[in-house]
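**Q**
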Amino acid sequence: MLTQLATNYLFAVVRGKDRQDGFKISEACSQGGIKNLEVTYTTPEAGKVIQDLREVLTDQKVVIGAGTILDDITARAAILSGAQFVVSPHFDLKIAKVCNRYAIPYLPGCGSVTEILQALESGVDVVKLFPGGLLGASFIKDVHGPIPHVEMMPSGGVSLDNLDRWLENGAWGVGVGSALTKGVATAGYQSVVTEAEKFVSRLKELQK
10 MLTQLATNYL
20 FAVVRGKDRQ
30 DGFKISEACS
40 QGGIKNLEVT
50 YTTPEAGKVI
60 QDLREVLTDQ
70 KVVIGAGTIL
80 DDITARAAIL
90 SGAQFVVSPH
100 FDLKIAKVCN
110 RYAIPYLPGC
120 GSVTEILQAL
130 ESGVDVVKLF
140 PGGLLGASFI
150 KDVHGPIPHV
160 EMMPSGGVSL
170 DNLDRWLENG
180 AWGVGVGSAL
190 TKGVATAGYQ
200 SVVTEAEKFV
210 SRLKELQK
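In case it helps, the numbering used here puts the sequence shown at residues 10 to 217.
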């Protein structure tokens, strides 16, 4: 699963206003070519959204996960709803244990070397750098000095303009949120498809 997530590289961080909105945004991201879909639990009925997406999106390369998981109880509920990976804004040992129990990748939010080491010690393979915009792309390169084996994925602050810097500094993947949905209010869900396509195109250009 981690291999597929890394290959897909781009994570769409989906924050829907309701179940339908969450589904529509996720579907649009998929249509635009983004294969990692992180349905955040700030979305009402997020578990249902995950179930709906697992039923409809049958492409084997699409990986549907749960984001903004704050505790182990919610993590278990998300996994039982079909989440294929779990993301949290912080590191939580109880969440790590639940994910290990069900063999589901856990990407905890870390903002310091201490937190990163705690996550690694719990069996985590990839950490989410949060807030990515505050830490900056060079944080990855700096951490790789003393801890070269850790894989890091920024979330927050990732844009078309700075995607190249994240890649250059060794990001394992990137989480993209508001940059994908900025036009929904005025142009509808097709705008999400368009923005997703821009990110996919830019990534291919940079990976040549």
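We treat Cβ as the ideally placed atom computed from N, Cα and C, and that holds for glycine.
For F20, does the three-state DSSP call read helix, strand or coil?
**A** strand
**Q** How many Å lie between V206 and V183 at the Cα?
**A** As written in the sequence, residue 206 is Glu, which differs from the Val given in the question. Approximately 15 Å, taken between the alpha carbons.
**Q** For the putative contact between P117 and S97, defined by C-beta atoms under 8 Å, what is the C-beta separation to the nearest angstrom?
**A** 5 Å
**Q** Less than 7 Å between C-beta atoms, sequence neighbours within five positions excluded: which residues of the same chain meet that for A55?
**A** G31, V48, T49, A75
**Q** Write down every uninterrupted run of the beta strand (DSSP E) in the segment 144-205 whose length is 3 residues or greater and which is fully enclosed by it, in chain order.
**A** The segment 144-205 contains these whole beta strand (DSSP E) runs: 160-163, 183-185.
**Q** Please give me, in chain order, every unbroken run of the beta strand (DSSP E) with length at least 3 that falls completely inside the segment 87-121.
**A** 95-97, 115-119
**Q** Does DSSP put L46 in a helix, a strand or coil?
**A** strand
**Q** Determine the contact status of L169 and R110, defining contact as a CB-CB distance below 7 Å.
**A** The Cβ atoms of L169 and R110 lie no closer than 7 Å to each other.
**Q** Can you tell me which of T12, L176, V159 puts its alpha carbon nearest to the alpha carbon of F208?
**A** L176
**Q** Could you compute how far the alpha carbon of R24 sits from the alpha carbon of G186?
**A** 8 Å
**Q** Between S39 and A188, what straight-line distance do the alpha-carbon atoms span, to the nearest angstrom?
**A** 15 Å
**Q** Just curious, the alpha helix (DSSP H) that L62 is in, first and last residue?
**A** 55-65
**Q** Residues in the same chain with beta-carbon distance under 7 Å from N17, minus the five sequence neighbours each way, listed in chain order, please.
**A** K44, N45, K70, V72
**Q** When you compare only the Cα positions, how much space is there between L130 and K213?
**A** Just to set this straight, residue 130 is Glu in the shown sequence, not Leu. Straight-line Cα distance between these residues: approximately 34 Å.
**Q** By Cβ distance, which residues of its chain are closer than 7 Å to Q127, with the 5 residues on each side in sequence left out?
**A** F100
**Q** Return the residue from the list L62, S35, D81, P53 that minimises the CA-CA distance to Y198.
**A** Between Y198 and the set L62, S35, D81, P53, the nearest pair of CA atoms involves S35.
**Q** State yes or no: is the C-beta of N178 within less than 7 Å of the C-beta of K137?
**A** no
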